[in-house]
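Start counting the sequence shown at 14; every next residue gets the next number (my numbering).
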Amino acid sequence: MRVVNPDGSGTFTGDGTTATWDSQGNGRQDWEDGSFKSWSANGTNIESRADGYFHETRADGYEREVQTDGSFEERHADGTLIIQTAGGSYFESRPDGYSCERQPDGSVRIQNPDGSGTYEGANGQSTWDGQGNYRFDHPDGSYELTTEDGTKVESRVDGYYFETRADGYSREVQVDGSFAERHADGSQILQTTDGRYYESRPDGYSFERQPDGSVRVENPDGSGRYEGTWGQATWDGDGNGLEINANGSGSSHLSDGTTINFDSNGNLGIVRPDGVAETYKETYPDGSTATSYSDGSAFNVDSAGNAIFVQPDGSSCAIYANGSTSIADSDGSGLLANSDGSTASWDGQGNGQWAGADGATSSWRADGSGEWTEANGNHGVYFADGSGHAEYADGSSYIWDGQGNSTFTPAPDAPPAAKDSFSTGTFDNSDGSTDTWNSDGSSSTTAGDGTTDTYNSDGSGTTVWPDGSVEVHNSDGSGSWTGVDGSNSQWNADGSGSWAGADGSTSQWDGLGNGNWATADGSHGEYHADGSSFTVMADGSTYAWNADGSSSWSASDGSSGWTSIDGSHGESYADGTGQATYADGSSYTWDSLGNGQWIGSDGSTSTWRADGSGEWTGNDGSHGEYFADGSGFANYTDGSTYTWDGQGNTTFTQASGDPQVSQDSLVSCSFDNPDGSTDTWSEEGTSSWTNADGTTESYNSDGSGTTTWPDGSVEQHNSDGSGSWTGADGSSGIWNSDGSGAWNSADGSSSQWDSLGNGSWVNSDGSNGEYFSDGSGRVTYADGSTCVWSADGTTVLTTADGSVVQY
């Protein structure tokens, strides 16, 4: 049914739909399934269907259409466009150039009107500014970077780094820390993982530092220097050079071909070029000499061993008795190599350089400028106008303008306080610290936490900490510490010092690398410049390290151990068991009952038991057993066998299968074995065995015997358990049946001991000691220091300088 009103409005119902409209041009039609259409006088039209489809248009050009799968497209009057797909992709763009794109995986890309933008996604994020600068960051922290000036960077989390620039500069760092750096001017720097560093410049300068710390420098003018393991050298570009070896010997080489050599004892020798003859030589009563040559040169040596060679043009070479040497050329240039390892060179025009043995360097130029670097990394540059700057290893810096004005920036970087060099006063810094300068050259700094540092004009100073602790530094390098907790320390200019902790712990040391210490729990120890040390723990266990790298230890439960420099080591445990492993791979184990086993480096084994029985296996497969009643047998790899009954009767069966040959204790015979060895028995009950290599073992009826080795060394075993050793190298030893004995090594060391647990020893370096069965003992080290310990645990240490400490 359709109804139309006089004003033009109306309704319609029928065919499952209804519609209404007004007289202004607005209306709507609805269907039974929920779909509808609407229209308005302002131009907006909407269609909405029950299946989800939606479409809207407006008079201003806006339009939105939604599909049944949920995707939609939306256009705005200003040209903005928004699109979303059924899969979750989203796109938005604006007339000003802005756009945003979001993918189903969550990644988002945004582009701004100015050309900049960002991207974030599962594989990382990136940013760009529209000016050519771009950066992409990976989730693991790696990134790539490109800048508008042409710089490109790749940085990975494994440590790899690569950078290039438009001017030709590049730097590549490998994951192992090595790097290569090349500059636009052609200079390059290389560093390897083993510590080698190399730098070169197009002008011919090069610097090379090796892993062992040696340094070689080549300058554009051909001059250079070397400092390394064998010594140091310096040379100019004119053929002059100096070198000093680590042992104190050295030589001077002059441009005319003259060489002057000297050894570590001060002996001199001069070698002149061909054609130059010695015309005069005089030796004076005090030992000094004067020599003249046909080219007008002269070589003079004074009584103290100082020598000078002078050429006709006025150039000279001096060699001093202390091992230093120098060359002075007629043009004013020169070289210097000091015995302390420092070197210097200069060109006669006011330019020069110096290198210290500790790595410090300095250079100066004729115009008054120069630079310096200290061993700790401090570096400074000064210019001809009096200005300059310095950067210190702690991060602080100092600049001055040549007019008396200076600025100091402390570390960490803080706003500097400026002053002129003629003023005094106090300056409050923004970090709460205060700097004070006095007219006598002293100064002080008070930090925000109350810490006060005072510096005197002579280089001494004092630090007072907020808790009241005080540290004093004297101008000679000595100093002291007094802690508020009662601890105190002092150190002397020669490197010696001491420490006393609030808990009772102490330590003291000399300037040579020797010292001792004790902790509050009773532990104590000592160490020496040769690398040896000795420690006694609170529970009585001890640890000793020797200068040659060997060591030993003992625990409070009675267990102990040792390690030799060749890697051999052994342990004995409190329950009587133990083991030892030797550098050749052999090993030895035992238990507390008298049972044990040996495994040789060649695979041979030997086992013994407390009842006197045992067995062995050779690395060739031979095998034997012996029993508590004295009987036994041996089977050899060639098929021969040997048996004995413990009553002196033996049977040997040859490998050929010949009938057995038996002997009783009254028969003498000899057997040649296939391996070249020989067995011999005599009717007196003696026997002997000679190995193919010449080793001979003899056994007497009373149980005694002798072993003679191919090198002539002899070991004697007596029936009472005593014996002796005489080595081909001169070593010797004896041991007695009561357990006492003595040993003398080829290197001069010796030891002796009795059967009660007392003994003494002397090493080849002069160190010696003694020990007693009650647990007391004494050690005297090669440097003269001593350590004495008593049975009650008291230890007294006397250092080489006479200091005494008791624990």
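Note that CB positions come from ideal geometry on N, CA and C, so glycine has one too.
Would residue i and residue j be called neighbours here (beta carbons separated by less than 9 Å)?
{"i": "G752", "j": "S768", "result": "yes"}
{"i": "S482", "j": "V497", "result": "yes"}
{"i": "V727", "j": "T708", "result": "no"}
{"i": "Q116", "j": "S102", "result": "yes"}
{"i": "G134", "j": "D118", "result": "yes"}
{"i": "T459", "j": "W478", "result": "no"}
{"i": "L606", "j": "G583", "result": "no"}
{"i": "S545", "j": "Y333", "result": "no"}
{"i": "S502", "j": "A515", "result": "no"}
{"i": "W413", "j": "T422", "result": "no"}
{"i": "S565", "j": "T548", "result": "no"}
{"i": "G145", "j": "T159", "result": "yes"}
{"i": "Y297", "j": "S310", "result": "no"}
{"i": "R195", "j": "R209", "result": "no"}
{"i": "G401", "j": "G415", "result": "yes"}
{"i": "S563", "j": "S585", "result": "no"}
{"i": "D407", "j": "A424", "result": "yes"}
Express the C-alpha separation of residue j and residue i in angstroms, rounding to a whole number.
{"i": "H89", "j": "G21", "result": "33 Å"}
{"i": "D353", "j": "A368", "result": "11 Å"}
{"i": "S569", "j": "G474", "result": "48 Å"}
{"i": "W766", "j": "W611", "result": "26 Å"}
{"i": "D471", "j": "Y239", "result": "35 Å"}
{"i": "F175", "j": "D216", "result": "26 Å"}
{"i": "T654", "j": "T666", "result": "5 Å"}
{"i": "W243", "j": "G365", "result": "25 Å"}
{"i": "S511", "j": "N487", "result": "16 Å"}
{"i": "V166", "j": "A179", "result": "12 Å"}
{"i": "T449", "j": "N469", "result": "12 Å"}
{"i": "D677", "j": "W748", "result": "Residue placement at D677 is flagged as unreliable, the pLDDT there being 41, under the threshold of 50; the coordinate-derived value follows with that caveat. Rounded to the nearest angstrom, the two C-alpha atoms are 34 Å apart."}
{"i": "S106", "j": "E86", "result": "12 Å"}
{"i": "S701", "j": "Y595", "result": "29 Å"}
{"i": "S51", "j": "D82", "result": "22 Å"}
{"i": "S518", "j": "S491", "result": "22 Å"}
{"i": "A99", "j": "A193", "result": "53 Å"}
{"i": "D706", "j": "D692", "result": "14 Å"}
{"i": "T447", "j": "W530", "result": "40 Å"}
{"i": "T33", "j": "I95", "result": "33 Å"}
{"i": "K432", "j": "N418", "result": "Low per-residue confidence applies at K432: pLDDT is 41, beneath 50, and the placement is therefore not dependable enough to give any value."}
{"i": "A557", "j": "N781", "result": "15 Å"}
{"i": "E256", "j": "A350", "result": "7 Å"}
{"i": "E539", "j": "D778", "result": "19 Å"}
{"i": "Y75", "j": "G92", "result": "9 Å"}
{"i": "S764", "j": "T205", "result": "50 Å"}
{"i": "G130", "j": "R122", "result": "7 Å"}
{"i": "W774", "j": "T807", "result": "22 Å"}
{"i": "T70", "j": "A63", "result": "19 Å"}
Could you tell me how far apart the beta carbons of residue i and residue j are, in whole angstroms, since I believe they sit closer than 8 Å?
{"i": "N704", "j": "S690", "result": "5 Å"}
{"i": "S717", "j": "H730", "result": "6 Å"}
{"i": "T338", "j": "G263", "result": "6 Å"}
{"i": "S328", "j": "D342", "result": "5 Å"}
{"i": "D127", "j": "G143", "result": "5 Å"}
{"i": "N125", "j": "Y111", "result": "6 Å"}
{"i": "Q521", "j": "V314", "result": "46 Å between Cβ atoms; not a contact."}
{"i": "S265", "j": "W248", "result": "S265 to W248, Cβ: 11 Å. No contact."}
From the DSSP output, read off the bridge partner residues of residue i.
{"i": "A647", "result": "G637 and Y655"}
{"i": "A193", "result": "E185 and L203"}
{"i": "E161", "result": "Paired residue(s): none; E161 is not in a bridge."}
{"i": "R229", "result": "E221 and Y239"}
{"i": "R77", "result": "E69 and E87"}
{"i": "V394", "result": "E384 and H402"}
{"i": "S701", "result": "T693 and S711"}
{"i": "L94", "result": "R88 and S106"}
{"i": "L348", "result": "I340 and S358"}
{"i": "H582", "result": "T576 and T594"}
{"i": "S801", "result": "A small correction: the amino acid at residue 801 is Val; Ser does not occupy that position in the sequence shown. According to DSSP, which records beta bridges pairwise, V801 is partnered with R791 and V809."}
Flag residue i as yes when its Cβ comes closer than 8 Å to any non-hydrogen atom of the ligand FMN, and as no otherwise.
{"i": "D760", "result": "Among the components modelled here there is no ligand, and therefore nothing to report on the ligand FMN."}
Are the region 647 to 661 and the region 627 to 638 touching, with three or more C-beta to C-beta distances below 8 Å?
-> yes
Are there three or more Cβ pairs, one per stretch, closer than 8 Å when the region 803 to 819 is compared with the region 519 to 534?
-> yes
Quick check: the region 381 to 401 against the region 276 to 293, are there 3 or more CB pairs under 8 Å?
-> no
Three or more beta-carbon pairs under 8 Å between the region 183 to 197 and the region 161 to 175, yes or no?
-> yes
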